[in-house]
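The numbers in the working numbering rise by one with no breaks, and the one at position 65 of the sequence shown is 171.
Cβ coordinates follow ideal geometry from the N, Cα and C atoms, glycine included.
Read through the structure below, which is laid out as structure tokens, and then see the notes.
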Amino acid sequence: MRLDLTGLSHWGNGGSFCEYMYGIDQPLADLIKPEVRNRLVLFGASYQGGGDLSFSDDTMGRIPYDTIFEEGHAISNCFFFVTGSIYGALETQQQGLLSLLGR
């Protein structure tokens, strides 16, 4: 992960979440904004219809700071990176990590 003047660049296995994921009450101003996210984001993964997740080796991206704070918590957003004993392509690692986490 790299921070610069305008945003955050990321690559590899990881993702983001904010404290809304823990079920704390969201301020009214955030409740009425559809762009505020209340979820865990895993880089390279996307939600498909029917509840399926799709994984990809494309985990590289860039998120401008304004997007982070408009779609997440205004003060605190967490980014994480995961590594372990699962080897192979990033897609294979993501599926293994998610299995270990219980999903």
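Helix, strand or coil: how does DSSP classify Phe149 here? coil
Select from Leu111, Gln200, Phe185 the residue whose C-alpha is nearest the C-alpha of Gln125. Checking the sequence shown, residue 125 turns out to be Glu, not Gln. Between Glu125 and the set Leu111, Gln200, Phe185, the nearest pair of CA atoms involves Phe185.
Report the rounded CA-to-CA distance for Gly113 versus Asn119, giving the unit in angstroms. In this structure, the alpha-carbon of Gly113 lies about 19 angstroms from that of Asn119.
Per the DSSP calculation, Thr205 is bridged to which residue(s)? According to the sequence displayed, residue 205 carries Ser and not Thr. Answer by DSSP bridge pairing: none, since Ser205 is not bridged.
Neighbourhood of Gly150 by C-beta, 8 angstroms cutoff - its chain only, sequence neighbours within 5 removed: Asn119, Phe161, Ser162, Asp163, Asp164, Thr165, Leu196, Glu197, Gln200
Where do the ends of the alpha helix (DSSP H) carrying Ile174 lie? 171-177
Checking 8 angstroms against the spacing of the C-beta atoms, do Gly194 and Leu203 come in under that value? no
DSSP on Gly155, reduced to helix/strand/coil? helix
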